[in-house]
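Q:
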Amino acid sequence: DAGVTQSPTHLIKTRGQHVTLRCSPISGHKSVSWYQQVLGQGPQFIFQYYEKEERGRGNFPDRFSARQFPNYSSELNVNALLLGDSALYLCASSLIGTPSSGNTIYFGEGSWLTVV
Amino acid sequence: GNSVTQMEGPVTLSEEAFLTINCTYTATGYPSLFWYVQYPGEGLQLLLKATKADDKGSNKGFEATYRKETTSFHLEKGSVQVSDSAVYFCALSDQTGANNLFFGTGTRLTVIP
Chain X
25 DAGVTQSPTH LIKTRGQHVT LRCSPISGHK SVSWYQQVLG QGPQFIFQYY
75 EKEERGRGNF PDRFSARQFP NYSSELNVNA LLLGDSALYL CASSLIGTPS
125 SGNTIYFGEG SWLTVV
Chain W
101 GNSVTQMEGP VTLSEEAFLT INCTYTATGY PSLFWYVQYP GEGLQLLLKA
151 TKADDKGSNK GFEATYRKET TSFHLEKGSV QVSDSAVYFC ALSDQTGANN
201 LFFGTGTRLT VIP
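Here the protein sequences come in this chain order: X and W. Each residue of the first sequence is one higher than the one before, counting from 25 in this note's numbering. Each residue of the second sequence is one higher than the one before, counting from 101 in this note's numbering.
(1) If you follow the beta strand (DSSP E) that X:Q30 is part of, which residue opens it and which one closes it?
(2) Could you tell me how far apart the beta carbons of W:V211 and W:V182 are, in whole angstroms, since I believe they sit closer than 8 Å?
(3) With a threshold of 8 Å on Cβ separation, who are the neighbours of W:G204 within its own chain once the five nearest residues in sequence on each side are excluded?
(4) Closest to X:S117 by CA distance: which of X:H53, X:Q68 and X:S110 is it?
(5) Pull the bridge partners of X:F69 from the DSSP assignment, please.
(6) Rounded to whole angstroms, how far is the Cβ of X:Q65 from the Cβ of X:Y59, which I believe are closer than 8 Å?
(7) My assumption, with CB atoms under 8 Å, is that X:V56 sits in contact with X:S98. Please give the rounded CB distance.
(8) Step through the CB atoms of chain W and report whether any lies within less than 9 Å of the CB of X:S110.
(9) Check the Cβ of W:T205 against every Cβ in chain X and list those closer than 9 Å, keeping chain order.
(10) Quick one: Cα of X:V139 to Cα of W:D155, how far?
(11) Do W:F162 and W:L148 count as a contact pair if the criterion is CB distance below 9 Å?
(12) Output yes if chain W places a C-beta closer than 9 Å to the C-beta of X:I36; else output no.
(13) Measuring only between beta-carbons, confirm whether W:S158 sits less than 9 Å from chain X.
(14) Is there at least one Cβ from chain W nearer than 9 Å to X:R91's Cβ?
(15) Kindly list, in the order they appear in chain X, the residues whose Cβ is closer than 9 Å to that of W:N122.
(16) With DSSP as the reference, label X:G108 as helix, strand or coil.
(17) Just to confirm, is the Cβ distance from X:L63 to X:N101 under 9 Å?
(18) Taking the C-alpha atoms as reference points, what is the distance between X:D86 and W:L113?
(19) Taking just the CA atoms, how far does X:S135 sit from X:Q30?
(20) Can you tell me which of X:V28, X:Y130, X:Q72 and X:I120 puts its alpha carbon nearest to the alpha carbon of X:R91?
(21) Looking at W:F173 and W:Y125, is the spacing between their C-beta atoms short of 9 Å?
(22) Do you know whose CA, among X:K76, X:Q41 and X:D109, lies nearest X:F84's CA?
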């Protein structure tokens, strides 16, 4: 079975531009989350979506937005890119939207964003 | 609030050496605890987890025990291999609200032959 798939794998953008990152969860998983991993640090939670509704939001500015589609895939959008947005953006999926002992979170390989 | 403090790296060991990577946490309630591993150029993979106090998670020779009294979840392996070279992240899920993880800063392990 396919795991969490993300696209594109690498991209370079200029300051002030907009970027859209895409994610397909594991088949049957209804929850998708996004994380930002700056070089040398641990991932930081940005958003969680479950059944097309936002379930959680981390401490990120309004330039960051996301949505989930009826097929449970998701997009992360970042407007007015800053140099500091350069990072690995990870998508994760899980079966359900709430924490529970059996609800493991699985990660994709990420999208490397470089802002110049 | 929730936070994870990890032993700072990098850690360099010879093959077959014993590995310990320390992890302590602060959380509200009763979190689940995880170790994720990130191999070069790849995303995060779940290595092991423990969901309640005194649980021991284990996988691929790695072990970690959920210690509520010391708020710790240290990762151990008795004999490391070159293929274990990666970055290891300790994380917690606080079992409330959104299903999100709080990560430590990661510990880079390099195993030399």
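The beta carbon of each residue, even a glycine, is placed where N, CA and C say it ideally should be.
A: If we stick to the structure as given:
(1) Unbroken beta strand (DSSP E) run through X:Q30: T29 to S31.
(2) The pair is a contact, with the Cβ atoms about 5 Å apart (cut-off 8 Å).
(3) Contacts found: V104, T105, Q106, C123, F189, C190 and A191.
(4) Nearest of X:H53, X:Q68 and X:S110 to X:S117, Cα basis: X:H53.
(5) X:Y59.
(6) So it is not a contact: roughly 11 Å between Cβ atoms.
(7) Taking C-beta atoms under 8 Å as the contact rule, X:V56 and X:S98 qualify, at a distance of about 4 Å.
(8) No, X:S110 lies away from the interface with chain W (no Cβ there is under 9 Å from its Cβ).
(9) Here the neighbours are G64, Q65 and G66.
(10) Approximately 43 Å, taken between the alpha carbons.
(11) Yes. Within cutoff.
(12) With 9 Å as the cut-off, X:I36 does not count as an interface residue toward chain W.
(13) By this cut-off, W:S158 is not an interface position.
(14) By this cut-off, X:R91 is not an interface position.
(15) Ordered by position in chain X, no residue passes the 9 Å Cβ test against W:N122, which lies about 15 Å from the chain.
(16) In the structure shown, X:G108 adopts helical secondary structure according to DSSP, grouped into three states.
(17) No, the pair does not count as a contact, with Cβ atoms beyond the cut-off.
(18) One alpha carbon belongs to X:D86, the other to W:L113, and they sit about 44 Å apart.
(19) One C-alpha to the other measures close to 7 Å.
(20) When each option's Cα is compared against that of X:R91, the closest is X:Q72.
(21) The Cβ atoms of W:Y125 and W:F173 lie closer than 9 Å to each other.
(22) It is X:D109 whose Cα lies nearest to the Cα of X:F84.
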